[in-house]
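Chemist: Just passing along the structure, written as structure tokens.
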Amino acid sequence: MKENVVIIGGGPSGIEAARRIRNFGYTPILIEKELRLGGHLAQWDRLFPEGVYAKEVLQTLLSDMDGIKWFTDVQILTINRLKDTYVIKLTNGISVQSKAVLITTGFQLFQAEKKEEYGYGIYNHVITNADLERYFQNRKDSRIDDPKVIGFVHCVGSRDEKAGNRQCSKVCCATAVKQACEIKQLYPDATVYCFYMDLRMFGRRYEDMYLEAQQKYGIRFIRGRVSEVSENHEGRLVVKAEDTLFGRPLRLSMDLLVLMSGIVSSHQSQELAKMIKLPVGEDGFFLPQNTILEPCKSQKQGIFFAGACTGPKTIPESLSEARAAAVAINDYFNTMTE
Ligand SMILES: Cc1cc2nc3c(=O)[nH]c(=O)nc-3n(C[C@H](O)[C@H](O)[C@H](O)COP(=O)(O)OP(=O)(O)OC[C@H]3O[C@@H](n4cnc5c(N)ncnc54)[C@H](O)[C@@H]3O)c2cc1C
Ligand code: SF4
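In the numbering used here, the protein residues as written are 208 to 545.
Structure below.
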């Protein structure tokens, strides 16, 4: 009989891992807490750096699900290990057994309302990166009304000791540059600012995207943190910032402010960590056995990781790790039968 492999989390990492694990001859059982598979990928419109549609990437991943079992709208109630087998009780009353469990529970976005000085949830024209992706998908958002001046605030809830997250979220500089160009495509007459601390355009062709943002779209990059946002009597946003390159304070009126909320460890991952007694770092993300040599292995036998549950990653990185996890799980079964 084929061995089961339970995969917790049906985002891009979980789906890709399921396909690869199936290709090795096992029966993957994918468990997703939301109503549909896709994770954050299903929430994005176009992807950096090439502008490929996220929907197309997801459709490609979901086009080859033969031999994979999955449950949606389901959570884990308990996980217990009996000898070498994990027994997992689900909230739908079903119980599944597996010698290997892969965790692909991803991340959650930093809650932007925690940074009160930026006014998310207080002022109508302050939105997040995720809100803007939703707008790009369906062009419906009453907060976006023919904006003439638009600002993007980098590092919201990242690299910020006070917000409880010292780490860089890695993907939000590239997302901000991509979104700034996209909003210029929709509103060509708008003036668009990006307020950044450092620009982390680390990937292949990302620098081209940054150059294009300046040269083709005229995006104005200002090095400095936004200190305060308020609203004037006309309902426009008043944004105070400091331009640290020129050493001058700025006060700009704007029609839309987009907060680049960072990537943080999800509550569900932390609950799962407690349930299985798996260690997490001070940033709340799962800790692999060895971050260089064994990034997909946990510190517990038979438990593996892939994707953004161990820290911020791009989609290609998450998919590569999912494939690596499938190999690690196959090796694990092979050593069991030796
Ligand atoms: C605004 C923004 C834009 C981005 N744009 C890009 C881009 O253009 N290009 C790019 O390469 N990357 C981009 N990224 C990064 C990309 O979103 C991640 O690389 C990718 O989503 C990671 O996939 P994942 O499957 O590991 O995690 P996720 O996408 O977070 O999926 C995890 C899944 O697990 C489920 N889950 C969690 N806990 C449980 C549980 N206990 N039980 C069951 N299910 C559970 C969740 O519901 C979710 O479906 C962007 C990120 C942000 C924040
Ligand atoms: S990727 Fe850019 S915006 Fe995101 S936390 Fe790092 S420096 Fe800030």
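C-beta atoms are modelled at their ideal positions from N, C-alpha and C, and glycine is treated no differently. Remember, it's a predicted structure, so these values are computed and weren't measured experimentally.
Alpha carbons only, please: which of ASP348, GLY258 and LEU265 is nearest the one belonging to GLY217?
Modeler: Nearest option by C-alpha distance: LEU265.
Chemist: DSSP beta-bridge partners for ASP396?
Modeler: For ASP396, which the question treats as bridged, DSSP gives no partner whatsoever.
Chemist: Quick one: is ASN336 buried, meaning 16 or more other Cβ sit within 10 Å of its Cβ, or exposed?
Modeler: Buried, since its Cβ has 16 or more Cβ neighbours within 10 Å.
Chemist: Quick one, are the C-beta atoms of ASP252 and TYR260 less than 9 angstroms apart?
Modeler: For ASP252 and TYR260, yes; Cβs fall inside 9 angstroms.
Chemist: Should VAL465 be labelled buried (16 or more other beta-carbon atoms within 10 Å of its own) or exposed?
Modeler: Classification for VAL465: buried.
Chemist: Does the separation of the CB atoms of SER220 and ALA513 fall below 9 angstroms?
Modeler: Yes, the Cβ-Cβ distance between SER220 and ALA513 is below 9 angstroms.
Chemist: Contact defined as beta carbons within less than 8 angstroms: I believe GLY509 pairs with ALA370. What is the distance between those atoms, to the nearest angstrom?
Modeler: Rounded, the Cβ-Cβ distance is 35 angstroms, inconsistent with contact.
Chemist: Does DSSP put LYS447 in a helix, a strand or coil?
Modeler: Strand at LYS447.
Chemist: Between the C-alpha atoms of GLY410 and THR382, what's the straight-line distance to the nearest angstrom?
Modeler: Straight-line Cα distance between these residues: approximately 12 angstroms.
Chemist: Output the distance between the C-alpha atoms of THR267 and THR451, rounded to the nearest integer angstrom.
Modeler: When rounded, the distance between both Cα atoms is 44 angstroms.
Chemist: At what residue ranges does the segment 430-503 contain a whole run of the alpha helix (DSSP H), taking only runs of 4 or more?
Modeler: Within the segment 430-503, the complete alpha helix (DSSP H) runs of at least 4 residues are 474-483.
Chemist: Identify the residues that DSSP records as bridge partners of ASN287: which are they?
Modeler: According to DSSP, ASN287 bridges with VAL294.
Chemist: Pair every Cβ in the segment 491-502 with every Cβ in the segment 236-248, then say whether three or more of these pairs are closer than 8 angstroms.
Modeler: Not touching, per the Cβ criterion.
Chemist: Between ASP415, SER527, ARG350 and SER473, which has its C-alpha nearest PRO256's C-alpha?
Modeler: For the residues ASP415, SER527, ARG350 and SER473, the minimum Cα distance to PRO256 belongs to ASP415.
Chemist: Within the same chain, show all residues whose beta-carbon is closer than 8 angstroms to that of ILE426, passing over the 5 residues directly before and after it, in chain order.
Modeler: Excluding positions up to five away in sequence, the list reads VAL384, ALA387, CYS388, LYS391, VAL399, TYR400, CYS401 and ALA420.
Chemist: Just tell me which of ILE357, SER349 and ASP353 has its CA closest to the CA of PHE596.
Modeler: The chain is shown from 208 up to 545; residue 596 falls before or after that span and cannot be answered.
Chemist: Anything with a beta carbon under 6 angstroms from a heavy atom of ligand 2 counts; list them all in chain order.
Modeler: Qualifying residues come out as HIS361, CYS362, SER365, ARG366, CYS375, SER376, LYS377, CYS379, CYS380, MET404, ASP405, ARG407, MET467 and GLY469.
Chemist: Are the Cβ atoms of ILE275 and ARG226 separated by less than 9 angstroms?
Modeler: Yes; because the gap between Cβ atoms is below 9 angstroms, this pair is in contact.
Chemist: At what residues does the beta strand (DSSP E) containing THR521 begin and finish?
Modeler: Run containing THR521: none; DSSP gives neither H nor E here.
Chemist: Shortest alpha-carbon distance to ARG350 belongs to which of VAL333, SER302 and ARG366?
Modeler: Per the Cα distances, VAL333.
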